[in-house]
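Below is one structure, written out as structure tokens; the observations come after it.
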Amino acid sequence: MKKFVAVLKQFLRFQKPDNLKVVMYCILTAATFWFFSALNKQYDATINFPVDWEYDQEKYIATNDLPDKIQMNVSGIGWNLLRASSRIKITPLALRLSDPVAKKQLPGSYFANQVAEELDNLQLNYIIEDSLYFDIDYKTSQSFPVYIDSTHINLEDDYRITSPVSFDQDLVEITGPKGVLQTLPKDTFWVHVIETNIDEDFNSEIPFQMEYPDLMSARPQTVRVSFQVRKFESKQIQVPVTLLNTGSKVFLTDTIATVRFQVRKDHEDSVKLSSFAIEADLKTINPLDSTVHLNLTSSPSIVVDPYIEFPQVKVRYNE
194 MKKFVAVLKQ FLRFQKPDNL KVVMYCILTA ATFWFFSALN KQYDATINFP VDWEYDQEKY
254 IATNDLPDKI QMNVSGIGWN LLRASSRIKI TPLALRLSDP VAKKQLPGSY FANQVAEELD
314 NLQLNYIIED SLYFDIDYKT SQSFPVYIDS THINLEDDYR ITSPVSFDQD LVEITGPKGV
374 LQTLPKDTFW VHVIETNIDE DFNSEIPFQM EYPDLMSARP QTVRVSFQVR KFESKQIQVP
434 VTLLNTGSKV FLTDTIATVR FQVRKDHEDS VKLSSFAIEA DLKTINPLDS TVHLNLTSSP
494 SIVVDPYIEF PQVKVRYNE
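Numbering (the numbering used here), first residue to last: 194 to 512.
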């Protein structure tokens, strides 16, 4: 073939333009005759025959992709093989399953005769696959409790949730393969708020996320989650220390302690010194370092995370 092409190129090099048109026409005509002649000869070939699975999809569900073709060896003239290979005017073979859960495969002998009837002008030699394998399960529904993952809600710096995290669905009904649903734990459906840096009241529909979204569906598909957020500021206040079990020989080196806390920005003016109380029980003096621990016994309800900056205070003794 390479030698023929080389000779042809050498020949065409010395041809006039008008002669070239004639030569090319002859070559095209010869190729066309050869092509049509070849398509009228008898051949063996491997083709893929499309299949269409028929079963009650309200009752059953496929858990994996079903085979979409049957590979087979056939004989026929080139035209028919070309049409079969390109799937032109080929009606998919209907494979009807009355109870697809009971068995997981169809042997080649099951559909060989049916395939042979569908092969127009082609002779079936043999089915290449021994069997077609499939995985179909019962379709069922089950209800699961809904949980909101409130501990991982991402807020803007210095913002806090100031209300209960509420949601409008206690249960979600999941439809899918029976075998899959039976393996799911009861606490499967945690709802995660994926928004980040939240700095305003939240009220949004969140879709239920499923481990196998191609196999399962949720009813309802979403849950509405809402909560309030407010900005908090860090503050401090100086609070006098109240002594317990006092004696004439012991006193504190510092009777004022610093309390640090956070409070909503719109509530900071409502924080009163009188709402704080710090106590020091002199009976609990640590003899190793002569210190006493300060206890924050009272703080206003509008502050969060209050703590004493230096909770250990030195004591001194009067001789």
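Just so you know, even glycine gets a beta-carbon here, dropped at the ideal spot from N, CA and C.
So which of the options has the shortest CA-CA distance to residue i?
i, options, result
"Val452", "Lys458, Val432, Asp459 and Lys442", "Val432"
"Arg509", "Asp447, Asn396, Thr333 and Asn347", "Asp447"
"Ile320", "Asp462, Pro406, Ile449 and Thr239", "Thr239"
"Thr376", "Leu259, Leu317, Phe304 and Tyr405", "Tyr405"
"His486", "Gln455, Leu475, Val365 and Val496", "Leu475"
"Ile399", "Ile387, Asp392, Lys332 and Val464", "Ile387"
"Phe401", "Ser324, Arg457, Phe337 and Val373", "Phe337"
"Lys428", "Glu366, Ala450, Phe454 and Val418", "Phe454"
"Thr477", "Asp498, Val443 and Ala450", "Val443"
"Lys424", "Asn438, Lys252 and Ser356", "Ser356"
"Arg412", "Ser463, Ile449 and Ser334", "Ser334"
"Ile391", "Asp380, Pro243 and Val422", "Val422"
"Pro370", "Lys379, Ser343, Asp330 and Asp407", "Asp330"
"Ser468", "Ser494, His460, Leu445 and Asn488", "Ser494"
"Ser491", "Leu481, Lys465 and Ser397", "Lys465"
"Lys332", "Asp462, Leu374 and Asn479", "Leu374"
"Asp498", "Asp361, Asp237 and Asp351", "Asp351"
Indicate whether residue i and residue j have their beta-carbon atoms separated by less than 8 Å.
i, j, result
"Ile341", "Val308", "no"
"Leu312", "Val267", "yes"
"Val137", "Phe395", "Outside the shown range of the chain (194 to 512) lies residue 137, about which nothing can therefore be said."
"Glu247", "Leu315", "no"
"Ile471", "Thr435", "yes"
"Ile365", "Phe382", "Note that residue 365 is Val in the sequence shown, not Ile. Taking 8 Å as the Cβ cut-off, Val365 and Phe382 qualify as a contacting pair."
"Ile367", "Ala450", "no"
"Pro243", "Asp258", "no"
"Lys297", "Tyr253", "no"
So if DSSP puts residue i in a beta bridge, which residue, or which two residues, is it bridged to?
i, result
"Ile354", "Val422"
"Pro338", "Leu364"
"Glu502", "Per DSSP, none; premise fails for Glu502."
"Pro433", "Ile449"
"Lys332", "Pro370"
"Asp380", "In the DSSP output, where bridge partners are listed per residue, Asp380 has none listed."
"Lys296", "Lys296 pairs with nothing; no bridge assigned."
"Met265", "Ile240 and Ile320"
"Phe444", "Arg509"
How far does the beta strand (DSSP E) with residue i in it reach, from first residue to last?
i, result
"Thr451", "Ile449 to Arg457"
"Val485", "Thr484 to Ser491"
"Glu472", "Ala470 to Asp474"
"Leu325", "Ser324 to Tyr326"
"Pro513", "Not covered by the structure: residue 513. The range shown for the chain is 194 to 512."
"Ile320", "Gln316 to Ile320"
"Ser410", "Ser410 to Arg412"
"Tyr405", "Looking at the DSSP string, Tyr405 is not in any beta strand (DSSP E), and its letter there is neither H nor E."
"Ile346", "Careful: Ile346 lies outside any beta strand (DSSP E) and carries neither H nor E."
"Leu481", "Where Leu481 is concerned, there is no enclosing beta strand (DSSP E), given that its DSSP letter is neither H nor E."
Kindly confirm or deny that the region 280 to 297 and the region 338 to 352 touch, where touching means at least three C-beta pairs closer than 8 Å. no
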